[in-house]
Amino acid sequence: MKRLDMVYLMKVVLHVMSMGDIKNIEMINKKCGIAINSLKINPWFTSKRDINQFCKTFNPTTCNCNSLDIDESVLMKVEKIRNYDLDSFIGSINGNATRSQLERNLEITEEEKEKLIKIIQKVESLICLSDVSDEIFEIIIQNMKKRIKIRCGETFAKMFDEIFEEMNINETMYPSEMIIHGDGDGRWIKNAKKRNIIFINENDNFIKKSNELKIPKGVKFYSPIVVLLESKKKINISYIRTSIIALFTNIQNSFESSDTFDIKIKFDDITDNEKRKKIYTIINKFYANYIMVIDSHQLLMTKNMPLISNEIPQLPECVETLQARISYSDIIVNQKYIENLDICSFNSSVELLTTNNLKALVLHGIAKLKINKRDNKQQIIKDEKEGQNENKNIFPNLEVLRLNDCSNLNIDLTLDKLLELKIVKCDNCKVNIKSDSIGSITLNGNTQSKCKFSLNKTNLIQVKNSEDFKLAVKSIIEQNIEILNSNQLKLKPKCPIHVLTIIHSKGVSVIGNERCNKMKLVKSTINKINIKPKRVVFKSIEECIGTPLKEAEEIFIVSMKDCVFEKLFDKCQMLCIDECENCQFIINKNEIKEMKITNCKNTDIKGELKIIKELVTIDNEGCNIPEAENVRTEDTEIIEIKEKSKNVYIYIDKKHIIIRNIHNGNNRIIITVDLNSDVTVENSENILFDGEYEYFGNLKLINQDIKREVPDYCLIKAGFTNSLTINHCNNMGFEIYGIKKSLEIIDSTVRINCTLDGYNFVTNTVHIENSKLFDYPACASSHKAIIDNSTGVDSIISHCKGELILRKLNDTVLTLNKDLKKIKMEECNGIDIENNVKGKDVKMVRCHDMEIVDTSNSIKTIECDNVEVITEENQGMEGFMPGNFKYVPGEFGGMFFF
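Note that the numbering used here numbers the sequence shown so that position 53 is 239, with each residue one more than the last.
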């Protein structure tokens, strides 16, 4: 075997995909290790974590950010930066600032300004699609390197040019390359001949008229859309093999993303023989393997109008993925080489003639699916009726099947290699799938539909947000079934069930006398259940009639009110009662050995517990509790996870849990809570905590440091909590349905999302101190909010309906809730309150340089100065002297702010 040339080897290494590949190459031999250590720049990784790790391990002089949010510590250490993502910096300083605030030139702090200057001085190329303030433009222009390259949107480019001219910067400092995405013609560009300007335009009307427009000389126009004109005039636009999203972001062309493609072509062009030859020449020239076919024009359809038959011609062999966006059509697909097919077509039908190579099929908005096969002479050998029976083996290689927004489909298939099935927002569909290999089944937002699955592998079958839905499952293997936020659902299991979970659902029926290890009902109503679970968990359910308690060995009754439980505990060995109020438990025949009664009020437990071994009782009020020899008043467990497996499953049946000292960074903790347990996670790094749909008591996250890459920025998921405390947590993402009593965030950087649509997210008290928030849910409101020296809190302030306390807030514009009763501001500077505080109790202490509207003249001030109050009688007021409130009625005239 010939020895690899060192330079060649270094070039090859630059194009490997991950740090895992680097480690494998490094172990081949000494020369490979030398090649990696000799690199002056990191490879084209698509993972932020991999780039950070490579730069920290091998210390290259240049960091290729590849449009990712690379750690500041890495950027400060290298000498040069390429493909810097300015959008991530904009997002970090603006938090949840609105677009209008950005247009008002939202200021950045001196610390942020200093950091940006240091970064820009190293940047050789940057990418930005965000709105940018004048101040940031000035920092970029003043500190950018000569010959810098920029990729940006048209608005960014216009503003850049305007400020560049205003600052009278030498023309030699203008970027050596400016790639702009927009719909314009670039006539605003100055000195175009002297500049290297590349315009990416997806507007087909612009492309058609490009010869008639006065495009500045020197500006090069490109488009991923292939447009062929009737005339022989040569258009001034070249084609590129990429989508806009792939050109301006880190997202790679992938079947998983509907917005990425290599080339976009029009259906009329591809069906015309002469134009098709030209298009195929372009496809082969660029070796484009991801093609999007779009409608040439929008048709105005009338009721009962017949569909137009459109057959997509055979594409070149290099094309692996086809997206079709054609409406009101009978789409015929006969593609020998296509592996991935994605069709989006409103109220249309699809006919598949060749399916052997298909690995992924995605249908959007389809109303009819026909599957036929043609022989080499293109003769149909199976009619539609025969096809219904023969369809069962028609997709020998299909691994992914997704149905989105489809209606009236009737599908019956055997799919031996299927790995993923998703049916989303479909109406009046019937789907029958038999598969031995499928790994996950997601059914979301479906109405009046029926699904039947025959499986030979353990799956998680999840039904979400569905109405009038029927599900049948047949298997000899245990299945896990989740029913979430769904109503009038009928489940017919012909399989053993490991865990059946029903949460936030009404009118659910489970028919089938099958074995079940555990059944969990949370805030749901049940019509009928005749399975027999060993463990039953009830949380906040409205009624218990017809539910199978008599056969259960372990019973958890949680958050119930005004209920009577009698003659239900014949085989019960463990009974847990948590946070129940005004309930009665009449226990006659039983086998109870262990009982927990925690946080209950006015609850009676009557009956003899002859064989009980342990009784746990904690924080109960006015309860009648049986006697036992062994009584405990604490129920705490401490968990330290040392496993390195990807997923760690924790089942909690203790009232208090402490999870601590997790540092290996590989764990995703999937937590199940049957009681309303108090959970504390402390002193850990890179923890992924998944407790979605779970109800907690008090949830605390203390000393968490997140240093890993998570694409959706969500690391912690929880259902509902009584209280949530986040203290000294860095870069934390949090998704939650609701917080009942209190939210406290101290010394932390947090992104919080409310994930339950339509839920009234109301918290009694919110306390934010020395913290930065991002994307706080707009649906969330509170009765009392305390904000101390924090940013990203606009939504909390505007949704506070009772008492609002603000401390050390500076230079911002606030909107108050109309229902707010009381507001107190301490040591605040430069705040403008947009709405009238008339009738509200307003107190200001040591505040400066503020503007407020008050038509009732009710503000109380202490040691304030330069505070302007606008009333009906006056347009403004003289600045307050410390401790004084100077006002002369009628002196300045009236003024209203709305």
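We put the beta carbon where it would ideally sit given N, CA and C, even for glycine.
Here the structure is a predicted model, which is why all the values come from computation and not from measurement.
GLN634 and CYS615 have their C-alpha atoms spaced approximately 7 Å apart. When rounded, the separation of the alpha-carbon atoms in THR977 and LEU1006 is 20 Å. For LYS394, the enclosing alpha helix (DSSP H) starts and ends at 390 to 394.
Look at CYS592 here: in three-state DSSP terms it is coil, with no helix or strand label. For LEU657, the enclosing beta strand (DSSP E) stretches over residues 653 to 660. According to DSSP, THR784 shares a beta bridge with ASP764, ILE804. Ranked by Cα distance from ASN520, the first of THR540, TYR923, GLU826 is THR540.
If you draw a straight line from the Cα of ASP805 to the Cα of ALA814, it comes to about 17 Å. Counting of Cβ neighbours within 10 angstroms places ARG337 among the buried residues, the total reaching 16 or more.
C-alpha of GLY988 to C-alpha of SER968: approximately 7 Å in a straight line.
Take the alpha-carbon of ASN250 and the one of PHE392: they are about 34 Å apart. In this structure GLU752 is exposed. Its beta-carbon is surrounded by fewer than 16 other beta-carbon atoms within 10 angstroms.
The straight-line gap separating the alpha-carbon atoms of ASP654 and PHE581 is approximately 30 Å. GLY877 carries a strand assignment under DSSP once its states are collapsed to helix, strand and coil. In this structure, LEU604 and ILE552 do not form a Cβ contact; the two beta carbons are roughly 19 Å apart against a cut-off of 8 Å. Within the same chain, Cβ atoms closer than 6 Å to the Cβ of ILE838 are found at VAL859, SER863, the five residues on either side in sequence being excluded. Between VAL260 and ILE237, the CB-CB gap stays under 9 Å.
Per DSSP, LEU995 lies in no beta strand (DSSP E) segment and is marked neither H nor E. Non-local beta-carbon contacts of GLU537 in its own chain, meaning distances under 6 Å to residues more than five positions away in sequence, involve ILE518, LYS556 in chain order. Non-local beta-carbon contacts of VAL952 in its own chain, meaning distances under 6 Å to residues more than five positions away in sequence, involve LEU929, SER968, ALA971, ILE982 in chain order. Scanning LEU544, ASN533, ASN558, ASN542 for the CA closest to the CA of HIS550 turns up ASN533. For MET918, the beta-bridge partners assigned by DSSP are VAL936. In this structure SER311 is buried. Its beta-carbon is surrounded by 16 or more other beta-carbon atoms within 10 angstroms. Taking 8 Å as the upper bound for CB-CB distance, LYS692 and ASN666 are not in contact here, some 22 Å apart.
About 13 Å separates the beta carbons of ILE276 and ILE306, which is beyond the 8 Å limit, so they are not a contact pair.
SER957 counts as buried, since at least 16 other C-beta atoms from the protein chains shown sit within 10 angstroms of its C-beta. Taking 9 Å as the cut-off, the beta carbon of SER233 is found closer than this to the beta carbon of SER204. Rounded to the nearest whole angstrom, the CA to CA distance from PRO812 to LEU795 is 8 Å. Taking 9 Å as the cut-off, the Cβ atoms of GLU868 and LEU885 do not count as close. When the Cα atoms are used, LYS395 and LYS554 turn out to be separated by approximately 38 Å.
Using a Cβ distance threshold of 9 Å, LYS452 and ASP481 count as a contacting pair.
Contact check for ASP980 and LYS1008: beta-carbon distance about 19 Å, past the 8 Å limit, so the pair fails to qualify. Around the C-beta of ILE663, fewer than 16 other C-beta atoms lie within 10 Å, and the residue is accordingly described as exposed. For the pair LEU686 and LYS660, the Cα-to-Cα distance works out to about 15 Å. A distance of 9 Å or more separates the beta carbons of LEU493 and ILE524. Residue state for MET192 is assigned as helix, using DSSP reduced to three classes.
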